[in-house]
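Residue numbers (this note's numbering), protein chains in the order written: chain A, 20 to 131; chain B, 130 to 242.
Using N, Cα and C, we set each Cβ at its ideal position, and we do this for glycine too.
Notes to accompany the following structure.
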């Protein structure tokens with residue numbers, strides 16, 4: 020089951036903040052966040068393994084609410100380099116392995 | 130250290146043909162996953178291999194198959210190509226099957242004409 024991301028797209032000016040949400044209808048073991056720039060491969064940002072755990076990467080942080088099966092990515096004081104498409108990936112345990120399922124993505128554009 | 134290496138980078142095939150895509154994971158990574166990404170969409174899971182065994186399969190037809198070799202490199206095979214198979218095929222490696230982020234290769238751009 021593909022996680023649902025919102026919003027689909029957001030435009031910011033440099034220095035503004037943004038929140039990207041990711042929700043799943045299934046119980047989650049972990050949530051991954053990736054950023055993909057046009058024509059490039061997705062780049063790993065962070066992984067959240069425990070319920071309620073927050074992780075940080077530069078001025079980008081994330082939270083994971085295990086009970087609500089939701090995760091949010093927080094981008095503060097955005098920079099031009101933050102532009103790209105952000106994907107959350109959710110991990111459920113399959114019968115005999117793992118399957119990281121990605122959302123449709125959130126397009127973030129930071130303007131000067 | 131070298132990252133995840135995929136070959137070829139671009140490929141043009143005719144409908145009905147077969148194609149083999151290759152992936153070399155980061156040294157020490159034992160898990161390889163394959164994804165298909167169509168423009169404007171998120172990567173769609175195809176397969177995961179760990180220690181040369183298939184650990185996960187996505188909702189793709191049997192025309193798609195893969196394998197992992199003793200050196201942890203992997204191949205993705207697609208038979209009887211359809212126009213709809215045109216996409217970016219991404220390989221991702223991780224140390225184990227869970228609890229670690231994935232490192233993606235630059236992908237193979239497959240065009241079926």
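- Relative to the Cα of residue 241 of chain B, the nearest Cα in the group B:134, B:187, B:224, B:140 belongs to B:140.
- Taking 7 Å as the cut-off, the beta carbon of residue 41 of chain A is found closer than this to the beta carbon of residue 22 of chain A.
- In this structure, the straight-line span from the alpha carbon of residue 154 of chain B to that of residue 91 of chain A is close to 30 Å.
- The DSSP-derived three-state label of residue 201 of chain B is coil.
- The beta carbon of residue 83 of chain A sits no closer than 7 Å to any beta carbon of chain B.
- Cβ contact annotation for residue 214 of chain B (same chain, cutoff 7 Å, sequence separation greater than five): 207, 239, 241, in chain order.
- For the stretch 99–127 of chain A, the set of positions with a beta-carbon nearer than 7 Å to some beta-carbon of chain B reads 106, 110, 113, 115, 116, 117, 118, 119, 120, 121, 122, 123, 124 in chain order.
- Within a 10 Å sphere around the beta-carbon of residue 172 of chain B sit 16 or more other beta-carbons, which makes this residue buried.
- Considering only B:142, B:205, B:227, the residue with the shortest C-alpha distance to residue 160 of chain B is B:227.
- When beta bridges are read from the DSSP output, residue 66 of chain A appears opposite A:51.
- By the criterion of a C-beta distance shorter than 6 Å, residue 93 of chain A is surrounded in its chain by 38, 80, once the five residues flanking it on both sides are discounted.
- Put simply, the CB of residue 60 of chain A is near chain B, with a gap under 7 Å to one of its CB atoms.
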